[in-house]
Amino acid sequence: METGLMNHQGSVEVFVHPLSTPGAAGICPEMLEVAEEANRAGDYDLAVEIYSSQLQDLQQPDRGLCLRKADSLARAGRISEALESYCTAAGISKLQPHELPLLVETIAKSLREKELGGPGTHGQSNGGTGEDGECPEEDEALDLFSCRMCRRLLHDPTTLECGHTFCKRCLDEQVIPECVQCKVKLPGPSPLRRINVVLSGLLDKLFSTESKARKLWVEGELLWKSQNLKDALDKYNAAVELGQGFPNFSDRDPHY
29 METGLMNHQG
39 SVEVFVHPLS
49 TPGAAGICPE
59 MLEVAEEANR
69 AGDYDLAVEI
79 YSSQLQDLQQ
89 PDRGLCLRKA
99 DSLARAGRIS
109 EALESYCTAA
119 GISKLQPHEL
129 PLLVETIAKS
139 LREKELGGPG
149 THGQSNGGTG
159 EDGECPEEDE
169 ALDLFSCRMC
179 RRLLHDPTTL
189 ECGHTFCKRC
199 LDEQVIPECV
209 QCKVKLPGPS
219 PLRRINVVLS
229 GLLDKLFSTE
239 SKARKLWVEG
249 ELLWKSQNLK
259 DALDKYNAAV
269 ELGQGFPNFS
279 DRDPHY
């Protein structure tokens with residue numbers, strides 16, 4: 029089946045993305061059928077493996093195949109990897125709203141689960157820390173939109189070779205030999221690392237106010253470093269005013 033709708037977990041109708049070049053050498057319709065059956069059965073990792081294998085056999089990436097892989101990754105909860113696959117598809121042709129329901133659904137579900145997690149999931153001072161100062165819930169509180177380096181909402185998100193994403197500024201300012209999340213060795217500082225525009229756009233839409241506050245705060249830090257103290261203070265104040273609904277917003281910068 030090349031196009032159409034299929035049920036996702038029996039409730040949500042999901043578009044099956046059409047292939048750009050269904051007759052291309054390397055595409056196996058039978059394997060794609062197996063991938064769709066795997067998705068219906070909830071074996072999303074198998075579907076991802078099949079789509080990845082099919083893409084590797086192609087001379088040029090097929091946009092529809094990239095989107096199918098991205099959807100399966102989103103179903104599996106592997107959002108960072110899914111975004112990379114969506115980015116690949118976007119590089120071939122602009123993404124359309126009807127192509128992103130699974131991504132939006134998965135993100136919304138993640139946010140709902142975080143809200144239902146109860147108090148303490150946002151780093152509140154009582155009841156959350158362990159004796160050694162590192163509480164096991166701390167990493168869980170950092171959702172998929174947080175930078176593991178500055179522990180804040182991602183700003184200018186940049187994805188490393190291993191697939192994990194951090195603030196571009198954090199990567200530029202701290203030379204790290206390995207990914208702080210998965211410990212994979214990194215090739216060293218790269219001026220060619222690009223901002224993940226799909227994730228950046230999602231952050232702006234989903235966290236409009238906090239994204240603006242983060243931007244103002246970063247601008248304030250840059251002004252502070254250039255000794256422009258008055259303008260820096262204005263930026264900090266504006267950021268804090270916007271970020272009042274977010275706990276410990278100003279904790280990151282020691283100057284504040």
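For what it's worth, the numbering used here labels the leading residue of the sequence shown as 29, then goes sequentially.
Cβ atoms here follow ideal geometry from the backbone N, Cα and C, with glycine treated the same way.
Bear in mind the structure is a predicted one, so any value in this text is a computation, not a measurement.
Counting C-beta neighbours from all protein chains within 10 Å, is the total for residue i 16 or more, i.e. buried, or is it exposed?
i	result
Gly-146	Annotation note: pLDDT 44 at Gly-146 (below 50); position unreliable, coordinate value reported separately. Gly-146 should be labelled exposed.
Asn-67	buried
Ser-254	exposed
His-126	exposed
Asp-85	exposed
Thr-237	exposed
Asp-160	The pLDDT assigned to Asp-160 is 44, lower than 50, so where the model puts this residue is not dependable; a value taken from the coordinates is nonetheless given after this. Exposed, because fewer than 16 other Cβ atoms sit within 10 Å of the Cβ of Asp-160.
Arg-103	buried
Ser-100	buried
Ala-75	buried
Ala-136	exposed
Met-69	A small correction: the amino acid at residue 69 is Ala; Met does not occupy that position in the sequence shown. It is exposed - the Cβ of Ala-69 has fewer than 16 other Cβ atoms within 10 Å.
Rounded to whole angstroms, what is the Cα-Cα separation between residue i and residue j?
i	j	result
Lys-97	Asp-73	10 Å
Glu-61	Val-246	48 Å
Ser-48	Leu-93	8 Å
His-45	Ala-52	16 Å
Glu-133	Lys-258	43 Å
Asn-256	Ile-107	39 Å
Glu-64	Glu-109	19 Å
Leu-5	Tyr-264	This structure gives no information on residue 5, because the portion of the chain shown stretches from 29 to 284.
Pro-89	Arg-176	31 Å
Ser-121	Arg-91	8 Å
Lys-233	Lys-240	11 Å
Tyr-79	Pro-50	13 Å
Gly-229	Ile-223	11 Å
What are the boundary residues of the alpha helix (DSSP H) that includes residue i?
i	result
Cys-175	Premise fails: Cys-175 is in no alpha helix (DSSP H) and is neither H nor E.
Gln-82	72-84
Cys-207	Premise fails: Cys-207 is in no alpha helix (DSSP H) and is neither H nor E.
Leu-93	91-103
Ser-108	107-120
Asn-265	257-270
Glu-238	236-253
Pro-125	Here Pro-125 belongs to no alpha helix (DSSP H), and DSSP marks it neither H nor E.
Leu-188	Per DSSP, Leu-188 belongs to no alpha helix (DSSP H) and is neither H nor E.
One question on the structure: do residue i and residue j come within less than 8 Å of each other, judged by their Cβ atoms?
i	j	result
Leu-181	Leu-261	no
Val-206	Leu-214	Going by the sequence as given, residue 206 is Glu instead of Val. Contact: yes.
Phe-235	Phe-194	no
Leu-128	Pro-185	no
Gln-82	Ile-55	yes
Leu-123	Ala-117	yes
Secondary structure at residue i, three-state DSSP: helix, strand or coil?
i	result
Leu-182	coil
Lys-213	strand
Thr-193	strand
Ile-223	strand
Thr-49	coil
Val-44	coil
Glu-168	At Glu-168 the pLDDT is 40, less than 50, meaning the model places this residue with poor confidence; the figure from the coordinates comes in the next sentence. Glu-168: helix per DSSP, three-state reduction.
Gly-229	helix
Cys-198	helix
Ile-135	helix
Checking contacts by CB at 8 Å: is residue i closer than that to chain D?
i	result
Thr-134	The question asks about chain D, but that chain is absent: this structure has only one protein chain.
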